[in-house]
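Whatever position you read off the sequence shown (first residue = 1), add 49 for the numbering used here. Cβ coordinates follow ideal geometry from the N, Cα and C atoms, glycine included. Just so we're clear, the structure is a prediction, and the values are computed from it rather than from any experiment.
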Amino acid sequence: MDVTTFRNIFLNELTYDRGVTLENASMTDKYTALVRTLKRPLIERWQHTSARHAETQTKTVVYLSAEYLLGPQTENALLATQLTRTAKAALDSLNINIDEVIATEIEPGLGNGGLGRLAACFIDSLATLDISAIGYGIRYNYGIFRQIFVDGEQNEQPDTWTTHGIPWETQHSDRALHVGFGGTVHNDPSGTQRIWEPEWQVQAVPCDYLVPGYDTTTVNTLRLWSARATDEFNLRIFNSGDFENAVKARTAAENISNVLYPEDSTPQGKELRLQQQYFFVAASLQDLLNSHLTRGITYQELPQHVTIQLNDTHPVIAIPEFMRLLVDEHALSWNEAWELTQQIFNYTCHTLLPEALELWPVELFERLLPRHLEIIYGINEQFLNELRQTTNNDELVRSMSIIQEHPVRAIRMANLATIGANRINGVAELHSQLLKDSVLKDFSSYWPHKFTNVTNGITPRRFIKLANPALADLLDDAVGSGWVKDLTLLTGLEELAEDPEFRTQFAAVKAHNKERIAHILKHRDGILLPENAMYDVMVKRLHEYKRQSLKLLHVVSLYAQVLAGKLDAEDIEPRVIMFGAKAAPGYRMAKNTIALINAVAAKVNTAPELKGRLTIAFPANYNVTLAEKLIPAADLSEQISLAGKEASGTGNMKFALNGALTIGTLDGANVEIHQLVGDENFFLFGMTEPEVHNRLQSGYHPSSYYESQENLKLAIDLIAAGTFSNGDRSTFEPVISDWLESDRFMALADFESYMSAQQAVENRYRDADAWTKSAILNVARCGFFSSDRSINDYLDRIWHASAQL
50 MDVTTFRNIF LNELTYDRGV TLENASMTDK YTALVRTLKR PLIERWQHTS ARHAETQTKT
110 VVYLSAEYLL GPQTENALLA TQLTRTAKAA LDSLNINIDE VIATEIEPGL GNGGLGRLAA
170 CFIDSLATLD ISAIGYGIRY NYGIFRQIFV DGEQNEQPDT WTTHGIPWET QHSDRALHVG
230 FGGTVHNDPS GTQRIWEPEW QVQAVPCDYL VPGYDTTTVN TLRLWSARAT DEFNLRIFNS
290 GDFENAVKAR TAAENISNVL YPEDSTPQGK ELRLQQQYFF VAASLQDLLN SHLTRGITYQ
350 ELPQHVTIQL NDTHPVIAIP EFMRLLVDEH ALSWNEAWEL TQQIFNYTCH TLLPEALELW
410 PVELFERLLP RHLEIIYGIN EQFLNELRQT TNNDELVRSM SIIQEHPVRA IRMANLATIG
470 ANRINGVAEL HSQLLKDSVL KDFSSYWPHK FTNVTNGITP RRFIKLANPA LADLLDDAVG
530 SGWVKDLTLL TGLEELAEDP EFRTQFAAVK AHNKERIAHI LKHRDGILLP ENAMYDVMVK
590 RLHEYKRQSL KLLHVVSLYA QVLAGKLDAE DIEPRVIMFG AKAAPGYRMA KNTIALINAV
650 AAKVNTAPEL KGRLTIAFPA NYNVTLAEKL IPAADLSEQI SLAGKEASGT GNMKFALNGA
710 LTIGTLDGAN VEIHQLVGDE NFFLFGMTEP EVHNRLQSGY HPSSYYESQE NLKLAIDLIA
770 AGTFSNGDRS TFEPVISDWL ESDRFMALAD FESYMSAQQA VENRYRDADA WTKSAILNVA
830 RCGFFSSDRS INDYLDRIWH ASAQL
């Protein structure tokens, strides 16, 4: 598409779709017209991709995920279609600033953090590698909440991402499918088939998003389901004057796809979460079977044409649903259906925390999904019978059962996934080993061949090419432009790390990115950042195991030492400490931590004793849009979770590939980053996972660290004294009590080691040239962490699919 053609289509979209002239078009009108213009070549590619797949009959990768944290779509589409310059020239000719138009886009917050962003990276890589794939999920009306701070405390507001319409979305209301809930199960008249008669149903409306590959014609599909009532409006009830009950069915149905992860501390919240999971899984499997069986593919041939990846436990209900469809709807025998199921499904476990391995009360299944409960019982009985042929250990049988008996009868979704899946993978070397050694130890002993590792990765298109254009240009000049699809080419930077001129250019890129984020935060949040300071960044979901509290104790300790006369402020390297984090609405301790961070910031940022050497910045509502500007500016990446608790992390990869040095524990993918970049280019601290285990086994008493470490005591006492709460000692008492009495994730045990590592950071940062050299080597040696490599590992180890011809 040339400039004239692009301009003409854009004007036609304004006139005939938006019904406005160029002169009276709003920014939303211009944005919508830009998107619709871009969609034309993408739709052509999408149709070509679909036709090519139908012709070649290649295996399709089906990705089931409750989250997709996509980020803004427009710049990515411009990059994929190579129309960035064309679009800019076309809009320039109309006196329209394309950057202002693109900034109109509200990113869809359809994910909570790393899990959803990983899914988005993976579907990008699948398209870039020409793999036939479809992602399935939920089209939430309100995504992850919009975060604001009120008196320093987190306040959640609805994420109204659909306010101005969604031009990147194509809804197909005429292709809606039905999903049932509740009801009864009985035999058919012949007594050979079980019949489920749901009590109520909802419609699942497909909402499609185009997933373009980079430097290829492949465009895959992300299909998200929106819930609608089968009977939205009862006119008879409305005419009787009962207006609320007239739309009750619509309200109940739409609640299913209203909010990402509804707060589940209530029975109603738990039930809604299960409804969400089953809703999108049931619609997806119906859609999948319909699309394949209508092409003449037999049931027995399905494993050659389809592989399904379960992204964590959220979609694991797909296993009994697939069995239900094959046995009840398509009349296959139980054994035939089970054999197909175990060939087609694979399971990625993303956690080491027992509470994150979902448990659903049997009672809830009985009410909501009675037929699926029968099927789960059947799967479990068959598995346990096989298991008892190999062991007389009743305790082992109980631990491997899908059904937990105590303290309440519940369904262990991780056990169901492991039994039903062909392959199970962790997401970093350490995580995968710990899955086999602890979390799923009994299963890995029983089925060692099922377990493998696929270390996570990130897409270099979004997180370098788009997020860091200054670095991308420098990389193009240094190693050629091929790195965008082959990050291993970054190894060519190794020798350039010794080149003083290249180090100067690299440092100039970092300085430019720091100026950019300072400008953004000034106008976005009113946050003023000092010049010539180290940018020390910790952005991730707020959870105790990630230990934002440890980072905060470091800052408070420095302040306390200055107040006590133990440390001269002039000896502290000027540092901006940036936090970005949301806490789950019902997670009290996480929300207390946010309040404490903001309280400390209010004091530290204006403390005359510190002479401006420490500044805490905590912009609200951290999201992909902000991440793309913040990550390239970071000097230091905080990856400080307790060893053995973080599955992988992907933020650690983004920071390293954008030239930040890591301070971190040997946890998750930190292990592999440390191995690749070398000890001299990584600030390692803290206990190892075996040391953590041994410390817990011998009895952990956090108060002993408080009593024995003077600087730690100074920091905690400063908070406890009400220094950051206007003298009120009760405000942060719950945080203090937790540290001293529980400290579940052992921040106090690692404090001294962390402080020593932070001093090493300061010493290194004072040698700007040496720091820059280490930053270059981080970029050069982290090409392994491309999501393209991750997908190739999945293809080789799990999916056994190949590129479309």
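- Pairing Ala168 with Val110 gives a Cβ-Cβ distance that is not under 8 angstroms.
- In the structure shown, the three-state DSSP call for His213 is coil.
- Nearest in C-alpha terms to Ala630, of all of Val586, Thr98, Leu761 and Gly661, is Val586.
- Counting along the chain, Glu246 sits inside the beta strand (DSSP E) bounded by residues Arg243 to Glu246.
- Distances from the CA of Leu119 to each of Ile346, Thr86 and Pro157 were compared; the closest alpha carbon is that of Pro157.
- Its chain contains Leu401, Gly475, Gly693 and Glu738 as the residues whose beta carbon lies nearer than 8 angstroms to that of Leu483, once the 5 sequence neighbours on both sides are disregarded; these appear in chain order.
- By the beta-carbon neighbour count (other beta carbons within 10 angstroms, threshold 16), Gly748 is exposed.
- Around the Cβ of Leu545, a 10 Å sphere holds 16 or more other Cβ atoms; the residue is buried.
- Taking 3 residues as the shortest admissible run, the region 696-733 contains the following complete beta strand (DSSP E) segments, listed from N- to C-terminal end: 710-713 and 731-733.
- For the pair Asn505 and His723, the Cα-to-Cα distance works out to about 15 angstroms.
- Between Lys137 and Glu149, the alpha-carbon positions lie close to 11 angstroms from each other.
- In the three-state reduction of the DSSP assignment, Asn307 falls in the coil class.
- Here Gln324 is buried. Its C-beta has 16 or more other C-beta atoms within 10 Å.
- Here the C-alpha atom of Pro410 lies approximately 6 angstroms from the C-alpha atom of Arg458.
- Looking at Phe198, Gly186 and Trp788, the one whose alpha-carbon comes closest to that of Asp766 is Trp788.
- By the neighbour-count criterion, in which a residue is buried when 16 or more other Cβ atoms sit within 10 angstroms of its Cβ, Ser757 is exposed.
- Bounds of the beta strand (DSSP E) holding Asn269 are Val268 to Ala278.
- In the structure shown, the three-state DSSP call for Asp799 is helix.
- The beta carbons of Tyr584 and Lys563 sit about 6 angstroms from each other, so the pair counts as a contact at 8 angstroms.
- Excluding five sequence positions before and after Gly661, the CB atoms of its chain that fall closer than 8 angstroms to its own CB belong to Pro579 and Pro623, given in chain order.
- Per DSSP, the continuous alpha helix (DSSP H) segment holding Thr98 begins and ends at Met76 to Thr105.
- Judged by DSSP secondary structure, Leu71 falls outside any beta strand (DSSP E); it is assigned neither H nor E.
- Between the region 667-680 and the region 334-354, the count of Cβ pairs shorter than 8 angstroms is below three; the stretches do not touch.
- According to the DSSP assignment, Glu202 belongs to the beta strand (DSSP E) that extends over Glu202 to Gln206.
- Separation of Asp223 and Ala253 (C-alpha to C-alpha, rounded to the nearest whole angstrom) is 10 angstroms.
- Around the CB of Ala829, 16 or more other CB atoms lie within 10 Å, so the residue is classed as buried.
- For Cys256, the uninterrupted beta strand (DSSP E) run begins and ends at Trp249 to Pro261, by DSSP.
- Going by C-alpha positions, Leu91 is about 18 angstroms away from Leu273.
- In the displayed model, Ser835 falls within a strand according to three-state DSSP.
- Under the 8 angstroms Cβ criterion, the region 817-834 does not count as touching the region 770-777, having fewer than three qualifying pairs.
- At the C-beta level, Glu303 and Cys256 stay beyond 8 angstroms of one another.
- Sequence-distant partners of Lys762 (beyond 5 residues in either direction) whose C-beta falls short of 6 angstroms from its own C-beta, in its chain, are Tyr755.
- With 16 or more other CB atoms across the displayed protein chains lying within 10 angstroms of its CB, Val673 is buried.
- Between Asp179 and Ala852, the gap from beta carbon to beta carbon is short of 8 angstroms.
- If you draw a straight line from the Cα of Ala463 to the Cα of Ser530, it comes to about 42 angstroms.
- At a Cβ-Cβ threshold of 8 angstroms, Thr107 and Pro261 do not count as neighbours.
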